[in-house]
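Novice: Here it is, the structure in full.
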Amino acid sequence: MKISDIKNLLDAEVICGEEHLDRDVYSACGSDMMSDVLAYVKDQAVLLTGLVNSQVIRTAEMMDMICIVFVRSKRPTEDMIELAKENGVVLMSSKKRMYEACGLLYTGGLRGNGEQHE
Amino acid sequence: MRLAVFFIREASAETENSMSESVKFHFDVNGQSFTSAGQASVQVKKNLRELGISPEVIRRVSIAMYEGEINMVIHAHGGEADVEVFEDKIVIVLNDHGPGIKDVELAMKEGYSTAPDNIRSLGFGAGMGLPNMKRYTDDMKIETQLGVGTKITMTVNF
Numbered sequence: 001m002k003i004s005d006i007k008n009l010l011d012a013e014v015i016c017g018e019e020h021l022d023r024d025v026y027s028a029c030g031s032d033m034m035s036d037v038l039a040y041v042k043d044q045a046v047l048l049t050g051l052v053n054s055q056v057i058r059t060a061e062m063m064d065m066i067c068i069v070f071v072r073s074k075r076p077t078e079d080m081i082e083l084a085k086e087n088g089v090v091l092m093s094s095k096k097r098m099y100e101a102c103g104l105l106y107t108g109g110l111r112g113n114g115e116q117h118e
Numbered sequence: 119m120r121l122a123v124f125f126i127r128e129a130s131a132e133t134e135n136s137m138s139e140s141v142k143f144h145f146d147v148n149g150q151s152f153t154s155a156g157q158a159s160v161q162v163k164k165n166l167r168e169l170g171i172s173p174e175v176i177r178r179v180s181i182a183m184y185e186g187e188i189n190m191v192i193h194a195h196g197g198e199a200d201v202e203v204f205e206d207k208i209v210i211v212l213n214d215h216g217p218g219i220k221d222v223e224l225a226m227k228e229g230y231s232t233a234p235d236n237i238r239s240l241g242f243g244a245g246m247g248l249p250n251m252k253r254y255t256d257d258m259k260i261e262t263q264l265g266v267g268t269k270i271t272m273t274v275n276f
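Line order of the protein sequences matches chains A and B. For the first sequence, the numbering used here assigns the number 1 to the initial residue and increments by one for each residue that follows. For the second sequence, the numbering used here assigns the number 119 to the initial residue and increments by one for each residue that follows.
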């Protein structure tokens, strides 16, 4: 799935990283707890979260994630947008709630397939 | 809303090439704000990339160190981080002068946390920090003394 497909499926607004929308995404993770996100390595993944602080961007950076979708109309701060731009991470905001957003991506063909690091 | 304020000093990186062919990075992690926690790990990630380390190893090192850094800010008002890159491994040493860990075995259990509630609303304190650090490293040693501090040594082999 492309990042642009995620944008369409979630009817999301792109906040930054418009130039990376044709990148492929292979897995996803939905959580407000960053340590849960950090427990599973995923390949070229998208993060769905309702949490808004700079650690969300750092977590994505540590995990080499390429796209973050803020659910429930949450919006990142300017600092977060700057951090994301530095790292080439796409930020989006969607009105969907977490459960619905995850379901839409899953049925759209994006499986979790994250494997816990042994 | 009650929000504890943490202090973190600008992570200052010093790179030095020692004679033993290892490369060392040193960071001060002092808790000024939770917002800037993780800066040292971000810098380490960049430095390791420049050294041409494989992405998989970089990811393991930076995630383990990031969790450690967050722990130091949450529990110990910061501390020091040293990363040494050898030919066949990377060693991360995290040193703090915090309260120490009362029960290491319990602290290693997934889901067990002594972090205050406000930390959970910031996305951490789920009791996954130490388990994640162990998960991503090949070796992890915890030396801790109540009221004195904690030293964690982690090794990632290439």
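For every residue, glycine included, the Cβ atom is placed at its ideal position computed from N, Cα and C.
Assuming B:Val-147 contacts B:Gly-197 under a Cβ cut-off of 8 angstroms, what Cβ separation, rounded to an integer in Å, is found between them?
Specialist: About 5 angstroms separates the beta carbons of B:Val-147 and B:Gly-197, which is inside the 8 angstroms limit, making them a contact pair.
Novice: How would you write the range of the beta strand (DSSP E) that A:Leu-48 sits in, first residue to last?
Specialist: 45-49
Novice: Compare the beta carbon distance of B:Ala-155 and B:Val-191 with 7 angstroms and say whether it is the shorter of the two.
Specialist: yes
Novice: Within its chain, find whatever has a CB closer than 6 angstroms to the CB of B:Ile-181; leave out the 5 residues flanking it on each side and keep chain order.
Specialist: Tyr-254
Novice: Would you decide whether B:Phe-242 is buried or exposed? Buried here means 16 or more other CB atoms lie within 10 Å of its CB.
Specialist: buried
Novice: Go through its chain and collect everything with a Cβ distance to A:Thr-59's Cβ below 7 angstroms, but skip five positions before and after it.
Specialist: Excluding sequence positions up to five before and after A:Thr-59, its CB lies within less than 7 angstroms of the CB of Met-34, Val-37, Leu-38, all in the same chain and listed in chain order.
Novice: Only counting runs of 4 or more residues, tell me where the alpha helix (DSSP H) segments fall wholly within the segment 138-188 of chain B, in order along the chain.
Specialist: 157-168
Novice: Measuring straight from C-alpha to C-alpha, what distance separates A:Ser-54 and B:Ile-210?
Specialist: 24 angstroms
Novice: Assign B:Phe-125 to one of two classes, buried (16 or more other C-beta atoms within 10 Å of its C-beta) or exposed (fewer than that).
Specialist: Low per-residue confidence applies at B:Phe-125: pLDDT is 39, beneath 50, and the placement is therefore not dependable, though the value from the model is reported in the following sentence. A residue is called buried once 16 or more other Cβ atoms fall within 10 Å of its Cβ, and B:Phe-125, having fewer, is exposed.
Novice: When Cβ atoms are compared, which residues of the segment 178-198 of chain B fall closer than 8 angstroms to chain A?
Specialist: Arg-178, Ser-180, Ile-181, Tyr-184, Glu-185, Ile-188
Novice: Check whether the Cβ atoms of A:Val-46 and A:Lys-74 lie closer than 7 angstroms to each other.
Specialist: Not closer than 7 angstroms, so no.
Novice: Whole beta strand (DSSP E) runs in the segment 183-218 of chain B with 3 or more residues, listed along the chain?
Specialist: 196-203, 207-214
Novice: What's the C-alpha gap between A:Lys-96 and A:Val-14?
Specialist: 14 angstroms
Novice: Between the beta-carbon of B:Val-141 and the beta-carbon of B:Val-203, is there less than 7 angstroms?
Specialist: yes
Novice: In the DSSP output, what is A:Ala-28 paired with across the bridge?
Specialist: A:Val-46
Novice: In terms of residues, what are the limits of the alpha helix (DSSP H) holding A:Thr-59?
Specialist: Per DSSP, A:Thr-59 belongs to the alpha helix (DSSP H) from 54-62.
Novice: Does any CB atom of chain A fall closer than 7 angstroms to the CB of B:Ala-233?
Specialist: No, B:Ala-233 lies away from the interface with chain A (no Cβ there is under 7 angstroms from its Cβ).
Novice: Output yes if chain A places a C-beta closer than 7 angstroms to the C-beta of B:Ala-244; else output no.
Specialist: For B:Ala-244, the answer is yes, since a Cβ of chain A falls inside 7 angstroms of its Cβ.
Novice: For A:Gln-44, decide whether its Cβ has a neighbour in chain C, counting only Cβ atoms nearer than 7 angstroms.
Specialist: No chain C appears in this structure, whose protein chains are A and B.
Novice: Buried or exposed: B:Ser-151, going by 16 or more other Cβ atoms within 10 Å of its Cβ?
Specialist: Flag for B:Ser-151 reads exposed.
Novice: In its own chain, which residues sit with a C-beta less than 6 angstroms from the C-beta of A:Phe-70, not counting the 5 before and 5 after it?
Specialist: Ser-93
Novice: So, with DSSP's three-state summary, where would you put A:Glu-118?
Specialist: In this prediction, A:Glu-118 has a pLDDT of 46, which is less than 50 and means its spatial position is unreliable; what the coordinates show is noted afterwards. Note: A:Glu-118 maps to coil in three-state DSSP.
Novice: Alpha carbon to alpha carbon, how far is A:Gln-116 from B:Tyr-230?
Specialist: For A:Gln-116, the predicted structure reports a pLDDT of 49, less than 50, and the residue's modelled location is therefore unreliable. The matter cannot be settled from this model.
Novice: Starting from B:Met-251 and walking both ways along the alpha helix (DSSP H), at which residues does that stretch end?
Specialist: Its alpha helix (DSSP H) spans residues 247-254.
Novice: Using 7 angstroms as the limit for Cβ to Cβ distance, is B:Asn-277 near chain A?
Specialist: No answer is possible for residue 277 of chain B: the residues shown for chain B start at 119 and end at 276.
Novice: Can A:Gly-108 and A:Leu-9 be called in contact, C-beta distance under 7 angstroms?
Specialist: yes
Novice: Check whether the Cβ of B:Gly-170 lies closer than 7 angstroms to any Cβ atom in chain A.
Specialist: no
Novice: What is the rounded straight-line gap between the Cα of A:Ile-66 and the Cα of A:Leu-104?
Specialist: Cα to Cα, the separation comes out at about 19 angstroms.
Novice: What residues of chain B sit near A:Glu-82, judged by a beta carbon separation below 7 angstroms?
Specialist: Within 7 angstroms Cβ-Cβ: nothing; A:Glu-82 doesn't reach chain B, min ~12 angstroms.
Novice: When you compare only the Cα positions, how much space is there between B:Lys-269 and B:Pro-249?
Specialist: 16 angstroms
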